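Asker: For reference, each letter of the sequence shown is one residue, going 1 to 162 in full-length UniProt numbering.
Glycine included, each C-beta is placed from N, C-alpha and C at the ideal position.
Note that the coordinates shown come from a computational prediction; the quantities given were computed from them, not determined experimentally.
Below you'll find the structure I mean.
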Amino acid sequence: MTSNTHHPMQAQDVADLIAKCNEARRLGERDAKSESLLEDRFQPAQRLAVYGSLAPGEKNYNIVRDVGGAWGPGWIFGELEPSGWGFTMGYPAFRSQAEGQPVACLLLRSKGLERFWNQLDQFEGEEYLRTLVPVRLKNELWALANCYELHPRLFGSDPSPA
1 MTSNTHHPMQ AQDVADLIAK CNEARRLGER DAKSESLLED RFQPAQRLAV YGSLAPGEKN
61 YNIVRDVGGA WGPGWIFGEL EPSGWGFTMG YPAFRSQAEG QPVACLLLRS KGLERFWNQL
121 DQFEGEEYLR TLVPVRLKNE LWALANCYEL HPRLFGSDPS PA
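Dropping the structure here:
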């Protein structure tokens with residue numbers, strides 16, 4: 001993952017922090033300490049991984065158009081499922097799985113995202129949960145981003161920690 005810290009973290013430490021953050025989010029809570037550690041190193045609040053209707057040129061791009069920033073290709077890992085409200089418009093829902101298949105995405109990098117999260121959360125609704133996911137970039141580097149995935153309660157079990 002890209003980082004601008006002086007103290008490197010081990011990959012397992014990062015994975016554990018991501019899992020703690022996502023578990024808290026699934027419970028409707030926040031793990032402020034883990035979120036802060038990840039934000040300091042990887043700035044995920046400034047990154048959104050998009051795999052469907054929010055992408056440029058897609059049906060709901062207007063929701064993120066005014067955020068500004070730069071888009072680039074990447075891959076998130078998991079599976080696409082024929083579920084969620086987006087599926088009725090041809091957009092399957094993503095389910096994050098650390099050992100899952102690569103799913104093409106677009107990564108939005110924008111400082112403006114920080115003021116849009118509440119609006120995006122409301123737009124996605126209760127069927128989708130904003131989680132942290134590793135994003136593999138075209139140049140073999142990694143980034144950490146927010147991504148809306150199918151809420152675990154809709155498929156009956158939690159996905160593997162990212």
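Between the Cα of Ser110 and those of Val14, Ala15, Ala45, Met89, spot the shortest distance and give me the residue it belongs to.
Answerer: Ala45
Asker: Within 10 Å of its beta-carbon, does Asn118 have 16 or more other beta-carbons around it, so buried, or fewer, so exposed?
Answerer: exposed
Asker: Report buried or exposed for Thr131, applying the criterion of at least 16 other Cβ atoms within 10 angstroms of its Cβ.
Answerer: buried
Asker: Does the distance from the C-beta atom of Ala70 to that of Ser83 stay below 7 Å?
Answerer: no
Asker: Looking only at C-alpha atoms, which of Ser96, Leu38, Gly72 sits nearest to Pro152?
Answerer: Ser96
Asker: So which of Asp66, Trp75, Ala104, Tyr148 has the shortest CA-CA distance to Phe116?
Answerer: With distances taken between CA atoms, Phe116 lies nearest to Asp66 out of Asp66, Trp75, Ala104, Tyr148.
Asker: Rounded to a whole number of angstroms, what is the C-alpha to C-alpha distance between Leu144 and Asp40?
Answerer: Inter-residue distance for Leu144 and Asp40 is about 12 Å (C-alpha atoms, whole angstroms).
Asker: Going by DSSP, which residues form a beta bridge with Pro134?
Answerer: Leu144
Asker: Rounded to the nearest angstrom, what separates Trp75 and Leu54 at their Cα positions?
Answerer: It is roughly 16 Å from the alpha-carbon of Trp75 to the alpha-carbon of Leu54.
Asker: Does DSSP put Ser34 in a helix, a strand or coil?
Answerer: helix
Asker: What does the alpha-carbon distance come out to for the pair Asn4 and Glu23?
Answerer: Caution is warranted here: a pLDDT of 47 is assigned to Asn4, below 50, making its placement in the model unreliable, and no coordinate value can be reported.
Asker: Which residue comes first and which comes last in the alpha helix (DSSP H) that contains Gln101?
Answerer: No alpha helix (DSSP H) holds Gln101; the beta strand (DSSP E) holding it covers 101-109.
Asker: Considering only their Cβ atoms, is the gap separating Gly52 from Gly112 smaller than 7 Å?
Answerer: no
Asker: On the three-state DSSP scale, how would you describe Gly112?
Answerer: helix
Asker: Would you list the one or two residues that DSSP bridges to Leu48?
Answerer: Leu108, Asn146
Asker: With a CB to CB cut of under 7 Å and the five nearest residues on each side skipped, what residues in its chain are close to Gly100?
Answerer: Closer than 7 Å at the Cβ level, and outside the excluded window around Gly100, lie Phe77, Gly78, Glu79.
Asker: Bridge partners of Ala93, per DSSP?
Answerer: Glu81
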